[in-house]
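Numbering (my numbering), first residue to last: 572 to 992. The beta carbon of each residue, even a glycine, is placed where N, CA and C say it ideally should be. See structure below.
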């Protein structure tokens, strides 16, 4: 058996070191052989050594520009490394060489979406459908893409096709439930969430939304629900909330501070800090700013802004129970819309408040007590907040009625509160 055959045998058997030695020996005598360069690249690729694989695949496309698999694998590597521009270029080259290969266009669509090139992503998915009509993963991704673009009717059309062919496609059902809900097709949303729960009794998001749509009030939204919502929202959160929905609650909360209450606070806790919008409004009023959030992707965005001294992926109550620091200012902007029963939070905030510590937060409205509203958020009556504040040791300093954000082009009313421990 010659060296090439022996090396391929070692490669196929998964013997990395022996195969590597064989390819290196072969290349020493024939360094510009495209096949040998490709096989060595593939060896590194299969071992997860992406830098080395990219080097050798790059040599292949120089030596043999029509080597479509090398271009394709470069696309896979660059995508994995987060270099989406290079990934798109590599996939484009592969697509030119193999215009009937649906896998190439599917990966190119994913890459275009990462680059924010949604129209090009849509076009790529359509090319895949032309090659493989009714491909489930393509129809699903087209539905999600249309949902992200707020083309809800188109999204529903694609996702309904997925569910028609596969009634147990949980992700399609979940997205359909959301879309029906957003389009105020409540009966369809309820039926869809019920189907999802029947498939998976741990369908936490569906259970929460079903409760909201059927008039049930729970104590709080599940952590998993909150984390999933905001992880998916994190990339465009600031743009969506501030520019499109008119959100300015952090700035409005800052305006609640007047007179002697405007000073630099030694320790501030931003409870549910999100991407750091409250940090931006209060950074100049605090010596040390700590942020909490359940969403790792929101925390990542907040960290990039540089406003916080530390960030913690945790829920409010767990942090307050475990951390013995006294805080001078507590912030909760647009946070309590995901918690109905606020008693434990108020109690723990009061326990961790320095003498005279301030508590600034916003709520959406409710007629009495607290309630889970059809959009999946909680509202709180002013009487509930006042009673709870008194019972947990706070003085109510100021209450302001305001607009929180827009929804379907209509303002959502809420209240801002300033309490003192």
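Proximity of residue i and residue j at Cβ, strictly below 8 Å
i	j	result
residue 608	residue 645	no
residue 934	residue 956	yes
residue 780	residue 807	no
residue 874	residue 882	yes
residue 621	residue 594	no
residue 791	residue 909	yes
residue 936	residue 950	yes
residue 820	residue 758	no
residue 679	residue 695	yes
residue 642	residue 624	no
residue 898	residue 928	yes
residue 710	residue 732	yes
residue 962	residue 986	no
residue 947	residue 783	yes
residue 812	residue 976	yes
residue 836	residue 858	yes
residue 605	residue 647	no
residue 878	residue 915	no
residue 903	residue 843	yes
residue 724	residue 714	no
residue 575	residue 591	no
Where residue i falls: helix, strand or coil (DSSP)
i	result
residue 830	helix
residue 906	coil
residue 739	coil
residue 630	helix
residue 717	helix
residue 978	strand
residue 900	strand
residue 803	helix
residue 671	coil
residue 601	coil
residue 635	coil
residue 924	strand
residue 576	helix
residue 654	coil
residue 703	coil
residue 819	coil
residue 844	coil
residue 895	coil
residue 696	helix
residue 912	coil
residue 645	helix
residue 586	coil
residue 620	coil
residue 878	coil
residue 688	coil
residue 722	coil
DSSP bridge partner residues for residue i (one or two, in chain order)
i	result
residue 965	Paired residue(s): none; residue 965 is not in a bridge.
residue 985	935, 973
residue 859	838
residue 884	864
residue 995	With the chain covering 572 to 992 only, the question about residue 995 has no answer from this structure.
residue 991	929, 966
Among the options, nearest to residue i - alpha-carbon criterion
i	options	result
residue 930	623, 599, 589, 990	990
residue 537	764, 693, 755	The structure shown has nothing for residue 537, since the chain only spans 572 to 992.
residue 718	705, 684, 704	684
residue 888	794, 900, 588	794
residue 809	774, 847, 827	847
residue 923	908, 892, 913	892
residue 800	833, 868, 982, 943	868
residue 885	649, 841, 849, 878	841
residue 768	756, 789, 740	740
residue 901	861, 877, 939, 582	861
residue 825	732, 854, 814	854
residue 823	648, 760, 988	988
residue 796	735, 894, 773, 963	773
residue 845	827, 734, 802, 581	802
residue 970	932, 945, 944, 979	932
residue 613	601, 626, 603	626
residue 981	851, 880, 816	816
residue 702	670, 691, 689	670
residue 708	915, 831, 603, 674	674
residue 984	926, 818, 591	818
residue 786	943, 749, 628	943
residue 856	771, 834, 713, 863	834
residue 926	939, 581, 965	965
residue 814	573, 697, 978, 581	978
residue 920	770, 580, 895	895
Check: residue i C-beta below 7 Å from any heavy atom of the ligand HEM
i	result
residue 980	This structure lacks the ligand HEM; in fact it carries no ligand of any kind.
Any C-beta of chain C under 8 Å from that of residue i
i	result
residue 573	Considering every chain present, this structure includes no chain C. It has just one protein chain.
*Could you name each continuous alpha helix (DSSP H) segment of 4 residues or more that falls completely within the region 730 to 804, going from the start of the chain to the end?*
741 to 753, 757 to 770, 775 to 784, 794 to 804
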